[in-house]
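Asker:
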Amino acid sequence: MVREQYTTTTQGTSLERPENQYVYKIGIYGWRKRCLYLFVLLLLIILVVNFALTIWILKVMWFSPTGMGHLRVTKDGLRLEGESEFLFPLYAKEIHSRLDSSLLLQSTQNVTVNARNSEGEVTGRLKVGPRMVEVHSQQFQINSKDGRPLFTVDEKEVVVGTDKLRVTGPEGALFEHSVETPLVRADPFQDLRLESPTRSLSMDAPRGVHIKANSGKIEALSQMDIKLHSSDGMLVLDAATVCLPKLVQGTRGPTGSSQRLYEICVCPDGKLYLSVAGVGSTCQENSSVCQKST
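Using our numbering, the letters of the sequence shown correspond one by one to residues 255 to 548.
Okay, here's the thing in structure tokens:
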């Protein structure tokens, strides 16, 4: 722009216009103006691109007033639909699945669930690895649907609360120490064996031990002695036939006995032997069988 100079003169006078006049230009011209327009155009392009990217991200991530993608924010907490991957630890008070589907926790290494106290210390840990499941806690308990404890483990004892404990292994159950139980029973048509390979087998009960076989026989095998001892009472063998096939034969009874009847005699040391029965007792304290035992 050119600033114009105005001069006032009176009539009849003439003024000479000065030769050297200073002209001032206001504004941006030339390459500066073109750069400014180009910069403004570039800003508009960046603004449009950012706006388009924002709209595209909102559409791809499924942003909505209630959440993002499969994640929904409800009054009860966060609801996640479908499968999700967590790259870092997840902290939550409660995790549960939908009523019509199961909850699946999957990892390429292991799945670890920790419980912490108010000070941040781990009080319980459940670790599911590729080969083993580890539980670190003061007590481990499995409950039924109605809340009844089925299996409880702590530092002092293991409690099985079911009505029946079934061991299906071919080698049975191995106990290194004593076992306390009200009933030991085998499956139908299967043999029940109580065995101690290198030590003795003892069964104690304050009100008696009952051994019963509904079908079949009962065998007691030992490499050494089998002792049936009653501290207060008597030993009763109640059966239609009691067979002692390997008892030694003692002295014969009086001659002329027509019936083949035998009498079981007991030596002072408790050894049994057979003697042919007579009119009276044929047991002799100084029998040859008892003398051999001494």
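Backbone N, C-alpha and C fix where the C-beta goes; we use that ideal spot for every residue, glycine too.
Do the stretch 418 to 425 and the stretch 393 to 410 meet, that is, are 3 or more Cβ pairs less than 8 angstroms apart?
Answerer: no
Asker: With the cut-off set at 9 angstroms, would you say L489 and L526 are in Cβ contact?
Answerer: To locate residue 489, count along the sequence shown from 1; it is residue 235. To locate residue 526, count along the sequence shown from 1; it is residue 272. For L489 and L526, no; Cβs fall outside 9 angstroms.
Asker: Where does S318 land, buried or exposed, given buried means 16+ other C-beta within 10 angstroms?
Answerer: The count along the sequence shown starts at 1 and reaches residue 318 at position 64. By the 10 Å Cβ count, S318 comes out exposed.
Asker: Are the CB atoms of F429 and G415 within a distance shorter than 9 angstroms?
Answerer: On the sequence shown, residue 415 is found 161 positions in, with the first residue counted as 1. On the sequence shown, residue 429 is found 175 positions in, with the first residue counted as 1. The answer is no: Cβ separation not under 9 angstroms.
Asker: Cutting at 6 angstroms between CB atoms, please list the residues of its own chain near T366, excluding the five before and the five after it.
Answerer: Counting from one through the sequence shown, the residue named residue 366 turns up at place 112. Answer for T366: K381, listed in chain order.
Asker: Helix, strand or coil: which one does DSSP assign to Y345?
Answerer: As a working mapping, residue 345 is identified with position 91 in the sequence shown. Correct three-state label for Y345: coil.
Asker: Over the uninterrupted beta strand (DSSP E) stretch that includes T366, give me the two end residues.
Answerer: Stepping through the sequence shown from its first residue, residue 366 is reached at position 112. Residues V365 to R370.
Asker: Starting from the C-beta of N397, find all residues in its chain whose C-beta is less than 8 angstroms away, skip the five residues before and the five after it, and write them out in chain order.
Answerer: Residue numbering aside, residue 397 sits at position 143 when the sequence shown is read from its first letter. Closer than 8 angstroms at the Cβ level, and outside the excluded window around N397, lie P403 and L404.
Asker: If you compare alpha carbons, which of S356, H431, T328 and V433 is closest to G336?
Answerer: As a first step, residue 336 must be located in the sequence shown, where it is residue number 82. Here the closest residue by C-alpha is S356.
Asker: Alpha carbon to alpha carbon, what distance is there between D479 and L498?
Answerer: Within the sequence shown, numbered from 1, the residue matching residue 498 stands at position 244. Within the sequence shown, numbered from 1, the residue matching residue 479 stands at position 225. Spanning the two alpha carbons is a distance of roughly 16 angstroms.
Asker: Once DSSP output is grouped into helix, strand and coil, what is the label at S485?
Answerer: Numbered from 1 along the sequence shown, position 231 holds the residue referred to as residue 485. Here S485 carries a coil assignment [DSSP, helix/strand/coil].
Asker: So G323 and M315 are supposed to be a Cβ contact under 8 angstroms. How far apart are they, rounded?
Answerer: Taking the first residue of the sequence shown as 1, we reach residue 323 at position 69. Taking the first residue of the sequence shown as 1, we reach residue 315 at position 61. Between M315 and G323 the Cβ distance is about 6 angstroms, and since that is below 8 angstroms, they are a contact.
Asker: In the structure shown, what three-state DSSP assignment does S361 receive?
Answerer: For the purposes of this step, residue 361 is identified with residue 107 of the sequence shown, where counting begins at 1. In this structure, S361 counts as coil in the three-state DSSP scheme.
Asker: Taking only the alpha-carbon atoms, compute the straight-line gap between G378 and E388 and give it to the nearest angstrom.
Answerer: Mapped onto the sequence shown, residue 378 falls at position 124. Mapped onto the sequence shown, residue 388 falls at position 134. If I take the Cα positions, the gap works out to 11 angstroms.
Asker: Give me the Cα-Cα distance between D445 and T452, rounded to the nearest whole angstrom.
Answerer: Indexing the sequence shown from 1 puts residue 445 at position 191. Indexing the sequence shown from 1 puts residue 452 at position 198. Cα to Cα, the separation comes out at about 21 angstroms.
Asker: What do you reckon, are the CB atoms on V496 and L515 nearer than 9 angstroms?
Answerer: Sequence index remark: in the sequence shown, residue 496 carries index 242 (1-based). Sequence index remark: in the sequence shown, residue 515 carries index 261 (1-based). No, the pair does not count as a contact, with Cβ atoms beyond the cut-off.
Asker: Just to confirm my understanding: we take V327, look at its own chain, exclude 5 residues before and 5 after, and list those with CB closer than 7 angstroms. What are they?
Answerer: Counting from one through the sequence shown, the residue named residue 327 turns up at place 73. Same-chain partners within the cutoff: T320 and G321.
Asker: I need the DSSP call for L448, collapsed to helix, strand or coil.
Answerer: By one-based count along the sequence shown, residue 448 stands at place 194. Correct three-state label for L448: coil.
Asker: So what's N397 in DSSP terms, helix, strand or just coil?
Answerer: The sequence position of residue 397 within the sequence shown is 143, counting from 1. Of the three classes helix, strand and coil, the one that applies to N397 here is strand, per DSSP.
Asker: Using DSSP with H/G/I as helix, E/B as strand and the rest coil, what is K313?
Answerer: Working through the sequence shown from its first residue, we reach residue 313 at position 59. The answer is helix: DSSP assigns K313 an H, G or I state.
Asker: When you compare only the Cα positions, how much space is there between H350 and G331?
Answerer: Numbered from its first residue, the sequence shown carries residue 350 at position 96. Numbered from its first residue, the sequence shown carries residue 331 at position 77. Approximately 11 angstroms between the Cα atoms of the pair.
Asker: Can you tell me where the beta strand (DSSP E) holding E388 begins and where it ends?
Answerer: Sequence index remark: in the sequence shown, residue 388 carries index 134 (1-based). Note, E388: beta strand (DSSP E), V387 to H390.
Asker: So for Y283, helix, strand or coil by DSSP?
Answerer: Here residue 283 is taken as the residue at index 29 of the sequence shown, counted from 1. Coil.
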